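Quick note, the sequence shown lines up with residues 20 to 410 if you use our numbering.
Where a beta carbon is used, it is the ideal one built from N, C-alpha and C, also for glycine.
Model, not experiment: these values are computed from the prediction.
Below: one structure, written as structure tokens.
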Amino acid sequence: MRVAGLMSGTSLDGIDVAVVDITGGGWATKVATVTHRTIPYPARVREAILAISNAEAHVGTLARLHVLLGELYARAVRETCRKSGIALSSIELIGSHGQTIFHDGAGCRFFGRKIAATLQIGEAAVIAERTGVPVVADFRPRDVAAGGKGAPLVPYVDYLLFRDRRLGRVALNIGGIANVTAIPPGAAPEKVIAFDTGPGNMVIDALAGLHSQGRLRFDAGGRIAARGRLNPSLLSLLLRDRFFRAPPPKTAGREQYGREFVERLLATRLPLEDLLATATAFTAAAVACGLERFIRPRMRVDELIVSGGGVHNPRILAYLAAFLPGVRVLTSADFGIDPDAKEAIAFAILAYETWHGRPANLPSATGARQPVVLGKITPQAVASRRPPVQA
Numbered sequence: 020m021r022v023a024g025l026m027s028g029t030s031l032d033g034i035d036v037a038v039v040d041i042t043g044g045g046w047a048t049k050v051a052t053v054t055h056r057t058i059p060y061p062a063r064v065r066e067a068i069l070a071i072s073n074a075e076a077h078v079g080t081l082a083r084l085h086v087l088l089g090e091l092y093a094r095a096v097r098e099t100c101r102k103s104g105i106a107l108s109s110i111e112l113i114g115s116h117g118q119t120i121f122h123d124g125a126g127c128r129f130f131g132r133k134i135a136a137t138l139q140i141g142e143a144a145v146i147a148e149r150t151g152v153p154v155v156a157d158f159r160p161r162d163v164a165a166g167g168k169g170a171p172l173v174p175y176v177d178y179l180l181f182r183d184r185r186l187g188r189v190a191l192n193i194g195g196i197a198n199v200t201a202i203p204p205g206a207a208p209e210k211v212i213a214f215d216t217g218p219g220n221m222v223i224d225a226l227a228g229l230h231s232q233g234r235l236r237f238d239a240g241g242r243i244a245a246r247g248r249l250n251p252s253l254l255s256l257l258l259r260d261r262f263f264r265a266p267p268p269k270t271a272g273r274e275q276y277g278r279e280f281v282e283r284l285l286a287t288r289l290p291l292e293d294l295l296a297t298a299t300a301f302t303a304a305a306v307a308c309g310l311e312r313f314i315r316p317r318m319r320v321d322e323l324i325v326s327g328g329g330v331h332n333p334r335i336l337a338y339l340a341a342f343l344p345g346v347r348v349l350t351s352a353d354f355g356i357d358p359d360a361k362e363a364i365a366f367a368i369l370a371y372e373t374w375h376g377r378p379a380n381l382p383s384a385t386g387a388r389q390p391v392v393l394g395k396i397t398p399q400a401v402a403s404r405r406p407p408v409q410a
């Protein structure tokens with residue numbers, strides 16, 4: 020089955036589209052990548068997403084952005100097919116993660132009840148209508164309804180792709196937020212440990228934008244951070260946050276590491292280059308902290324397999340190697356998986372499992388009471404699959 024996976028993460032880089040051919044099912048699933056492209060968000064759309072994520076949005080703005088993103092996702096699929104020489108009609112299913120606007124997997128008291136909530140936007144009906152392809156979207160709420168935190172969901176795919184009989188492996192994705200999937204040697208899926216470790220690129224990107232007065236969206240190659248000086252006192256203070264002591268399963272997001280967090284960093288009055296150097300080290304140190312506290316006491320870690328935008332920042336990779344002596348730091352490219360495409364590939368696989376009625380969450384990762392079938396299915400446009408009815 021040919022499936023297109025769509026991912027637009029908290030880094031707001033744009034829309035990742037991965038087209039894959041999938042065979043088999045469950046833990047016997049086999050995946051072959053056909054093509055992958057990243058289509059950047061228009062600057063004004065990115066600004067609108069940031070504004071909504073950082074504030075209480077006007078409901079009309081939110082509703083319109085929901086539809087607009089559906090249009091952009093559909094266009095991204097069509098553009099990827101056209102530029103890659105793939106017939107759109109060969110795509111049998113689309114898996115769309117959507118754009119996370121709000122995520123509180125832990126929940127809080129609301130009208131007398133504890134309510135956990137997650138919201139991803141990007142109207143699936145629009146994607147299906149514009150492409151003629153059925154869409155699986157809105158993956159996270161079903162896990163939340165089953166008592167989970169709605170994240171992380173990619174550990175199912177990490178286990179599928181990276182499990183090994185002999186080696187203890189940790190898959191690390193560095194997007195806006197960083198998250199890990201720890202797979203003990205020869206382990207069953209129930210033994211997988213997964214959680215968000217803290218910020219990935221989110222804080223670094225925000226500081227790079229401030230340093231460049233809005234001209235840069237990220238610190239390319241870690242070059243700005245390389246000109247700054249790591250502030251050990253600030254790094255130590257950041258690592259004392261209670262988030263790092265909380266046991267998994269746990270999630271993080273823009274709610275913790277968005278605008279307010281950056282404003283607290285700016286209040287230190289340190290030079291922006293020093294803040295960037297420290298934020299870059301913080302991303303890696305938070306990963307190391309998570310491994311030392313919650314993973315290494317339970318398993319041997321032989322390899323760290325990195326994916327996501329963070330693989331392009333050699334400063335992060337260097338800090339990871341320094342903070343995790345004895346661990347071999349690799350990227351998913353070493354396993355034939357484009358680091359920029361991995362999460363889009365993951366949601367293609369999750370959509371495929373949903374289409375076939377199979378659960379694809381790992382309760383050991385999300386805290387759900389049981390495995391559940393994720394997402395909602397939007398059928399293809401009728402006219403695109405059937406001849407018109409004659410009156």
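**Asked** Would the beta-carbon of residue 379 fall within 7 Å of that of residue 372?
**Response** Here the question's residue 379 lines up with position 360 in the sequence shown. Here the question's residue 372 lines up with position 353 in the sequence shown. A contact, by the Cβ cut-off of 7 Å.
**Request:** Count the C-beta pairs between the region 115-124 and the region 263-282 that are closer than 8 Å, then say yes if the count reaches three, no if not.
**Result:** yes
**Request:** Going by CA-CA distance only, name the one from 68, 31, 224 and 229 that's closest to residue 241.
**Result:** Along the sequence shown, one-based indexing puts residue 241 at 222. Checking every option, the nearest Cα to that of residue 241 belongs to 224.
**Message:** If distances are taken between C-alpha atoms only, which option among 351, 340 and 77 comes closest to residue 303?
**Reply:** The residue given as residue 303 occupies position 284 in the sequence shown. Closest option to residue 303, Cα to Cα, is 340.
**Message:** By the three-class DSSP mapping on this structure, what secondary structure does residue 359 have?
**Reply:** Within the sequence shown, the letter at position 340 stands for residue 359. Residue 359 falls in the coil class under three-state DSSP.
**Asked** Buried or exposed: which applies to residue 157, given that a residue is buried once 16 or more other Cβ atoms fall within 10 Å of its Cβ?
**Response** In the sequence shown, counting from the first residue as 1, residue 157 sits at position 138. So residue 157 counts as buried.
**Three CB pairs or more closer than 8 Å across the region 161-168 and the region 182-193** = no
**residue 105 - DSSP class collapsed to helix/strand/coil** = The residue given as residue 105 occupies position 86 in the sequence shown. Three-state result, residue 105: coil.
**Request:** Report the rounded CA-to-CA distance for residue 246 versus residue 63, giving the unit in angstroms.
**Result:** Looking up residue 246 in the sequence shown gives position 227. Looking up residue 63 in the sequence shown gives position 44. Roughly 30 Å separates the two Cα atoms.
**Request:** Classify residue 345 as buried or exposed, calling it buried when 16 or more other Cβ atoms lie within 10 Å of its own Cβ.
**Result:** Sequence index remark: in the sequence shown, residue 345 carries index 326 (1-based). Under this definition residue 345 is an exposed residue.
**Prompt:** Shortest alpha-carbon distance to residue 44 belongs to which of 80, 259, 377 and 183?
**Reply:** Numbered from 1 along the sequence shown, position 25 holds the residue referred to as residue 44. Residue 44 has its Cα closest to that of 377, out of 80, 259, 377 and 183.
**Request:** Flag this pair as yes or no: are the beta carbons of residue 52 and residue 36 separated by less than 7 Å?
**Result:** Within the sequence shown, numbered from 1, the residue matching residue 52 stands at position 33. Within the sequence shown, numbered from 1, the residue matching residue 36 stands at position 17. Result no, Cβ atoms of residue 52 and residue 36 do not sit closer than 7 Å.
**Asked** Excluding the five sequence neighbours on either side, which residues of its own chain have a C-beta within less than 8 Å of the C-beta of residue 125, listed in chain order?
**Response** As a working note, residue 125 is residue 106 in the sequence shown. 135, 168, 269 and 270.
**Prompt:** Using a Cβ-Cβ cut-off of 8 Å (strictly less than) and excluding sequence neighbours within five positions of residue 160, which residues of its own chain qualify?
**Reply:** As a first step, residue 160 must be located in the sequence shown, where it is residue number 141. 137 and 169, listed in sequence order.
**Message:** Suppose you measure from the CA of residue 405 to the CA of residue 150; what does that come to, to the nearest Å?
**Reply:** As a working mapping, residue 405 is identified with position 386 in the sequence shown. As a working mapping, residue 150 is identified with position 131 in the sequence shown. Residue confidence is low: residue 405 scores 37 on pLDDT, short of 50, so the model does not pin down where it sits. No coordinate-derived value is stated.
**Request:** Return the CA-CA distance between residue 29 and residue 197, expressed in angstroms with no decimal places.
**Result:** For the purposes of this step, residue 29 is taken as the residue at position 10 of the sequence shown. For the purposes of this step, residue 197 is taken as the residue at position 178 of the sequence shown. Roughly 10 Å between the two C-alpha positions.
**Message:** Distance check for residue 309 and residue 382, CA to CA, integer angstroms please.
**Reply:** In the sequence shown, the residue the question calls residue 382 occupies position 363. In the sequence shown, the residue the question calls residue 309 occupies position 290. Going by the C-alpha atoms only, they are around 19 Å apart.
**Message:** Residues in the same chain with beta-carbon distance under 7 Å from residue 352, minus the five sequence neighbours each way, listed in chain order, please.
**Reply:** Your numbering for residue 352 matches position 333 in the sequence shown. Around residue 352: 358.
**Of the residues 171, 22 and 202, the one placed nearest residue 55, counting alpha carbons only** = Reading the sequence shown from its first residue, position 36 is the one you call residue 55. Ranking the options by Cα distance to residue 55, first place goes to 22.
**Request:** Look at the alpha carbon of residue 294 and the alpha carbon of residue 101, and state the distance between them as a whole number of angstroms.
**Result:** For this step, residue 294 is matched to residue 275 along the sequence shown. For this step, residue 101 is matched to residue 82 along the sequence shown. Distance between the alpha carbons of residue 294 and residue 101 is about 42 Å.
**Asked** Exposed or buried, what is residue 174 when buried is set at 16 or more other beta-carbons lying within 10 Å of its beta-carbon?
**Response** Position 155 of the sequence shown, counting from 1, holds the residue named residue 174. Residue 174 is buried by the Cβ-count criterion.
**Message:** Given a cut-off of 7 Å on the beta-carbon distance, is the pair residue 349 and residue 324 in contact?
**Reply:** Numbered from its first residue, the sequence shown carries residue 349 at position 330. Numbered from its first residue, the sequence shown carries residue 324 at position 305. For residue 349 and residue 324, yes; Cβs fall inside 7 Å.
**C-alpha distance - residue 107 paired with residue 97, whole-angstrom precision** = Along the sequence shown, read from residue 1 onward, the residue named residue 107 stands at position 88. Along the sequence shown, read from residue 1 onward, the residue named residue 97 stands at position 78. Between residue 107 and residue 97, the C-alpha separation is close to 7 Å.
**Item:** Beta-carbon spacing of residue 95, residue 397 below 7 Å
**Value:** As a first step, residue 95 must be located in the sequence shown, where it is residue number 76. As a first step, residue 397 must be located in the sequence shown, where it is residue number 378. For residue 95 and residue 397, no; Cβs fall outside 7 Å.
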